[in-house]
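Taken in order, the sequence shown gives residues 3 to 146; the numbers are from the working numbering.
Positions of the beta carbon are idealized from the N, C-alpha and C atoms, including for glycine.
The next block holds one structure in the form of structure tokens; read it before the comments.
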Amino acid sequence: MRTRRRFAVTLLVALCGIAIAGGSVLTWISARGRRPGSGIRHTAISGVLHWTYQPTSLFTHSFAMVVLVAGALVFVGGVFASRLLAGLFSLIALAASGAWIGLNAMHFSPVNLSYSDLRLGAWLAVGGSLIGLLSSFFMRHRTL
Numbered sequence: 003m004r005t006r007r008r009f010a011v012t013l014l015v016a017l018c019g020i021a022i023a024g025g026s027v028l029t030w031i032s033a034r035g036r037r038p039g040s041g042i043r044h045t046a047i048s049g050v051l052h053w054t055y056q057p058t059s060l061f062t063h064s065f066a067m068v069v070l071v072a073g074a075l076v077f078v079g080g081v082f083a084s085r086l087l088a089g090l091f092s093l094i095a096l097a098a099s100g101a102w103i104g105l106n107a108m109h110f111s112p113v114n115l116s117y118s119d120l121r122l123g124a125w126l127a128v129g130g131s132l133i134g135l136l137s138s139f140f141m142r143h144r145t146l
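What follows is the structure in structure tokens.
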């Protein structure tokens, strides 16, 4: 048995990779109370890994770089119809998004963060990673 690519699904996964990568450079949370409006561009990778809020000014040291690379690899997985690549990095992007949102909520106030405070960058990254993860299972089908 051979597997064949499903063009529409691979295109959807590639678009999800673009959405994840685009979401990484946009603002994620709007300002409320003492919490400033922010995105993941100003949070250090080491801070998220150690569950402390550490600011950084360099994009290459920011958590946005992790999400950007994950989005780029989801795109590559969609272009080459690789279920493993697209699914794995969609899951990594989803976990990274959840970790940053959780860290931001814990640092400022978990009660003060509602879903309406999430901005376009967070919705693109979370939505793109969820759709990319689910769609990666349907990128190929078996032919007899």
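> With burial defined as no fewer than 16 other Cβ atoms inside 10 Å of the residue's Cβ, what is the status of Thr-54: buried or exposed?
Replying inline: Walking along the sequence shown from the start, residue 54 turns up at place 52. Classification for Thr-54: exposed.
>> Tell me which residues share the same chain as Leu-126 and place their Cβ nearer than 8 Å to its Cβ, disregarding the 5 neighbours each side in the sequence.
In response: Numbered from 1 along the sequence shown, position 124 holds the residue referred to as residue 126. Taken in chain order, the residues that qualify are Ala-21, Ile-22, Gly-24, Gly-25, Leu-28.
> Can the beta-carbon of Gly-80 be found less than 8 Å from the beta-carbon of Ala-88?
Replying inline: Residue numbering aside, residue 80 sits at position 78 when the sequence shown is read from its first letter. Residue numbering aside, residue 88 sits at position 86 when the sequence shown is read from its first letter. The Cβ atoms of Gly-80 and Ala-88 lie closer than 8 Å to each other.
> Does the stretch 117-133 come close enough to the stretch 29-41 that 3 or more CB-CB pairs lie under 8 Å?
Replying inline: Yes: the two stretches touch, three or more of their Cβ pairs being nearer than 8 Å.
> So what does DSSP say about Thr-5, is it helix, strand or coil?
Replying inline: The residue labelled residue 5 in the question sits at position 3 within the sequence shown. Residue state, collapsed to three classes: strand.
> How would you label Arg-43, buried or exposed, when you count the other beta carbons within 10 angstroms and need 16 or more for buried?
Replying inline: In the sequence shown, the residue the question calls residue 43 occupies position 41. Of the other Cβ atoms in all chains shown, 16 or more fall within 10 Å of the Cβ of Arg-43; this residue is therefore buried.
>> Residues in the same chain with beta-carbon distance under 7 Å from Tyr-117, minus the five sequence neighbours each way, listed in chain order, please.
In response: For the purposes of this step, residue 117 is identified with residue 115 of the sequence shown, where counting begins at 1. Nothing listed; no residue qualifies.
> So what's Leu-60 in DSSP terms, helix, strand or just coil?
Replying inline: The sequence position of residue 60 within the sequence shown is 58, counting from 1. Leu-60 falls in the coil class under three-state DSSP.
> Between which two residues does the alpha helix (DSSP H) containing Met-67 stretch?
Replying inline: Within the sequence shown, residue 67 is the residue found at index 65, counting from 1. Residue range 65-81 is occupied by the alpha helix (DSSP H) that includes Met-67.
> Can you tell which of Arg-6, Arg-7, Leu-14 has the C-alpha that lies nearest to the C-alpha of Phe-77?
Replying inline: In the sequence shown, the residue the question calls residue 77 occupies position 75. The residue from Arg-6, Arg-7, Leu-14 with its alpha-carbon nearest to that of Phe-77 is Leu-14.
> DSSP beta-bridge partners for Arg-34?
Replying inline: Counting from one through the sequence shown, the residue named residue 34 turns up at place 32. Per DSSP, Arg-37.
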